[in-house]
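Chains F and P, in that order, give the protein sequences. Here the working numbering is used: the first residue of the first sequence is 716, the next is one more, and so on. Here the working numbering is used: the first residue of the second sequence is 716, the next is one more, and so on. Worksheet: one structure, shown below.
Protein chains: 2
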Amino acid sequence: MRLSHSFVPTLKETPSEAQIASHRLMLRAGLVRQTSAGIYAWLPVGFRVLKNIERIVREEQNAAGAQEILMPTIQPAELWRESGRYDGYGKEMLRIVDRHDRDMLYGPTNEEVVTDLFRQSVKSYRELPQILYHIQWKFRDEVRPRFGVMRGREFLMKDGYSFDLDYAGAVVSYRKMMLTYMRTFQRMGLKAIPMEAESGPIGGDLSHEFIILAPTGESQVFYDAAFEEIDYLSQAAGGFSHDNATDLERFFKEMTTHYAATDEKHDATKWAQVDAGRRREGRGIEVGHIFYFGTQYSKPMGATVAGPDGKPIIPEMGSYGIGVSRLVGAVIEASHDSAGIIWPDSLAPFKAAILNLRLGDAACDALCEALYAKLGSAALYDDREERAGAKFADADLMGHPWQIIVGPRGAAAGKVELKRRATGERLELSPEDALARIGA
Amino acid sequence: MRLSHSFVPTLKETPSEAQIASHRLMLRAGLVRQTSAGIYAWLPVGFRVLKNIERIVREEQNAAGAQEILMPTIQPAELWRESGRYDGYGKEMLRIVDRHDRDMLYGPTNEEVVTDLFRQSVKSYRELPQILYHIQWKFRDEVRPRFGVMRGREFLMKDGYSFDLDYAGAVVSYRKMMLTYMRTFQRMGLKAIPMEAESGPIGGDLSHEFIILAPTGESQVFYDAAFEEIDYLSQAAGGFSHDNATDLERFFKEMTTHYAATDEKHDATKWAQVDAGRRREGRGIEVGHIFYFGTQYSKPMGATVAGPDGKPIIPEMGSYGIGVSRLVGAVIEASHDSAGIIWPDSLAPFKAAILNLRLGDAACDALCEALYAKLGSAALYDDREERAGAKFADADLMGHPWQIIVGPRGAAAGKVELKRRATGERLELSPEDALARIGA
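Here it is as structure tokens:
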């Protein structure tokens, strides 16, 4: 992308309405703009990050055998009356009356719709287990939307639903999704810790939130130092197969042996049993939640399949959410400095920025064009008529993993400067070596 | 995908509510299910087609230099009051009141939001021209939704908006999008004819609908036989560059020389001038619309950029729509037979189906597994415990371009049968030759 003709409205000033780093940086780097309270438009650079997160989530879901569907945003109220949630849901539900006076709503979640699809379509025990998921916009009419996309009203979420014949099967699906989530967050460069969470009316221990550590997190969290140790999480995520129930059991044990809880579920007695030197406290941001809820929806909605003996079986269900748009903010909270965003390689909107420090200088222009031709859509070419200082500042602000800096003296000598955003390291290299170094 | 454990609810009976072929076939082949009147959930197979259409639209938009963004579904009424459209829009607009009693709406289109984003962000003439687009769900509260996804209430649309400094620039953007649209539809295997359309209050000749021919189309259309001639449209789309204004002018002339109009704009005098032997009449389905509207939104909404002399310039705008979800139905209307759908290769949910005619036969199972391992996500493996007849019927219904049929006699001899859905042609081949033939 050529920055001179791109829709990338970076800001020099810090917007006064933004209270936390990710919100400030997303506005300043031109990732999003608010269109109504808690509702955002994603501009080209922010859109690319959102799509990168979506892609990783999708690839990992598909690898686990989950099937992607797409349920609509607008749902009929009658399904929520069947499940018994319509009246109790409160003002966070955006209720709508259509032109024929039918009660509709903008889906805040999809248990009812997916259970309805299931009961219309799946008839035999032979077809189970299945996991269905979608990545779709949802709406919760927060009374006080804040923190940018971290607590917006319209937000993008991956929500998945498992259908199993019995509790044992549901446990396997649950563990499979836990492993899939660990891999998903790992690929985003995030250290997400599964923490025991409220399990609702069903009870039991099959409810976990995935929390990433950040000083601005909404929850106080308590965890064993094991989760901080290098490679603990990555080894756990790498060494198990999600097609093998024994592996899944070992993985689940591994993830739940060490203490980890948010303040909601914090247990002082258990905490006291953790070695004092290994107790860690901090703030955390929830980026995912997995939850077993049995027949809570399938039973009242009459979803059944015929068993081997012809008798109806009520499927056991679980739900699995990842906050896709929220993750954009959460990643920034976990990875930024005073100059701006520091994107993990897997999520960066562009692998590299090309900074032309002297537009109009023949050698600079030619070298930049050659680099841009080589990198294509992986590069943002800063070809604006701006001072070098403004280009440096915007590149740091936008957080590209690499900056290729082309000035007149270097260009004349056939050299560029390559800067790694995360470390600040700078090297003078030939253009070929710079491209090789960034893996292009 | 293994069909035995997939969410693909094919139907043997024709659903009574479906009046046209595409609606019937989409329900029967398990592509979609209705969740409310005119609102559909996309099941795994339908979702894949939708994503294929979206991908082609996106690739061609990006190739033309348009920038992808994502505007929210819920918009503030105040922007529509600024443009003057709020009160006049009528009951098709889904109006919503949020918990703070603010008037909101589910966007039926995005001129207001994109103009608002532009005026906040773009300050100088140097940054123009720009084309912004997004692919997002929209809502129109049709009084009588019908024809499945062809005239639904919640629908997926690509809408793009161009911003130019003057009329001449807007014409270039318009022609660029016309060329891009021709290429987009071509890649989908569609013959889309650009037809002069209503141009609204601005007048002029810069408004075209893209119409594909299908007997169930909603409009009567009149066109010169040139548009039916082999390669006319493909040559036109292939031979021009969208980075060259002269090329674009020649292309536009080529596309608008021959008569083509829907009944709305049909002109009997001009029609009489078409050689009688070259007059064609038929029914058509609108799948795209491009439209120049000047300063209709930028002016009342106060969107300006500073010109070279510092004086404000009101940008000239155009809008460019493609009905992404509608296209799934339109393609089926244009490409099916009595047995089912016939997918163009570029849109097919799976390149091939593997039909195991004798599940449990060691040679059949081994051969099918080997083919499936090779084809991966490009194949749908029919591993259900079903009669051969049911598998043939479902494969024809679902319209995979290729069927690889594995029966016990052939498997024992190391042979499969390869069927091409579009022609019915069948060949007995080794598995390797079959894979080579389908390009895997």
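All C-beta atoms in this analysis are idealised placements derived from N, C-alpha and C, irrespective of residue type, glycine included. Computed from a predicted structure; not experimentally measured.
Would you say V1043 of chain F reaches chain P, if we count a Cβ-Cβ gap shorter than 8 Å as a contact?
no
Should R743 of chain F and L726 of chain F be called a contact, given that it needs their Cβ atoms to be closer than 8 Å?
yes
Cα-Cα separation, M865 of chain P to G1044 of chain F
37 Å
Can you grab the Cα-Cα spacing for the pair V837 of chain F / S1013 of chain P, in whole Å?
51 Å
Does the Cβ of L785 of chain P have 16 or more other Cβ atoms within 10 Å, making it buried, or fewer, making it exposed?
buried
Distance, F833 of chain F Cα to D920 of chain F Cα:
26 Å
Between which two residues does the alpha helix (DSSP H) holding H738 of chain F run?
A736 to R743
Minimum C-alpha distance to P791 of chain P - residue among P:L820, P:F955 and P:R1124:
P:L820
Check whether the segment 1085-1095 of chain P and the segment 1037-1051 of chain P touch, using three or more Cβ-Cβ pairs below 8 Å as the test.
The segment 1085-1095 of chain P vs the segment 1037-1051 of chain P: no contact.
Sequence-distant residues of the same chain with beta carbon closer than 7 Å to G997 of chain F, five excluded per side
L928 and V936
Tell me where the beta strand (DSSP E) around I908 of chain F begins and ends.
A907 to E911
Can you tell me whether DSSP reads H720 of chain F as helix, strand or coil?
In this structure, H720 of chain F counts as helix in the three-state DSSP scheme.
Taking the beta strand (DSSP E) that Y848 of chain P belongs to, which residues open and close that run?
Q845 to F854 is the extent of the beta strand (DSSP E) around Y848 of chain P.
Where V1020 of chain P falls: helix, strand or coil (DSSP)
strand
G1055 of chain P: buried (16+ other C-beta within 10 angstroms of its C-beta) or exposed?
buried
How far does the alpha helix (DSSP H) with R810 of chain P in it reach, from first residue to last?
It is not in any alpha helix (DSSP H) - R810 of chain P instead sits in the beta strand (DSSP E) that spans L809 to V812.
In this structure, does DSSP put Q1011 of chain F in helix, strand or coil?
coil
Against chain P, which members of the segment 845-864 of chain F pass a CB distance test of less than 7 Å?
Q845, L847, W852, F854, D856 and V858
Minimum C-alpha distance to S956 of chain F - residue among F:P724, F:A778 and F:S914
F:A778
Does any residue of chain F have a CB that is nearer than 8 Å to the CB of S956 of chain P?
no
CA-to-CA distance, R841 of chain F to G1022 of chain F, given in whole angstroms
G1022 of chain F and R841 of chain F have their alpha carbons spaced roughly 8 Å apart.
Would you mind telling me which residues of chain F sit closer than 8 Å to A756 of chain P, beta carbon to beta carbon, in chain order?
Per Cβ cutoff of 8 Å: I784, L785, M786, P787, V828 and L832.
Tell me the rounded alpha-carbon separation between W795 of chain F and Y801 of chain F.
Each residue's alpha carbon lies about 5 Å from the other.
Excluding the 5 residues preceding and the 5 following T1010 of chain F in the sequence, name in chain order all residues of the same chain whose CB lies nearer than 6 Å to its CB.
I1029
For the candidate residues P:V760, P:F925, P:F870 and P:F878, whose alpha-carbon lies nearest to that of L894 of chain P?
P:F925
Are the CB atoms of E1031 of chain P and G799 of chain P within a distance shorter than 8 Å?
no
Return the Cβ separation of L1086 of chain P and Q1118 of chain P in integer angstroms, given the expectation that the two are a contact with Cβ distance under 8 Å.
That pair is no contact at about 12 Å.
Any idea what DSSP makes of D818 of chain F, helix, strand or coil?
strand
Start and end residues, alpha helix (DSSP H) containing W1058 of chain P
Here W1058 of chain P belongs to no alpha helix (DSSP H), and DSSP marks it neither H nor E.
Considering only the alpha carbon of each residue, which of F:F854, F:D856, F:Y882 and F:K1130 lies closest to P844 of chain F?
F:Y882
DSSP state of I1029 of chain F mapped onto helix, strand, coil
coil
Anything in chain F within Cβ reach of T750 of chain P, meaning under 9 Å, just list it in chain order.
M786, P787, I789, Q790, P791, L794, V828, D831 and L832
G875 of chain F and Y1007 of chain F: beta carbons closer than 8 Å?
For the pair G875 of chain F and Y1007 of chain F, the CB atoms are not nearer than the 8 Å cut-off.
To the nearest angstrom, how far is it from the Cα of R994 of chain F to the Cα of T972 of chain F?
14 Å
Rounded to the nearest angstrom, how far is the Cβ of E807 of chain F from that of D856 of chain F, given a contact under 8 Å?
Indeed, because the Cβ distance is near 5 Å, the residues count as touching under 8 Å.
Starting from the Cα of R1135 of chain P, find the closest Cα among P:L1082, P:G1129 and P:D1060 and give me that residue.
P:D1060
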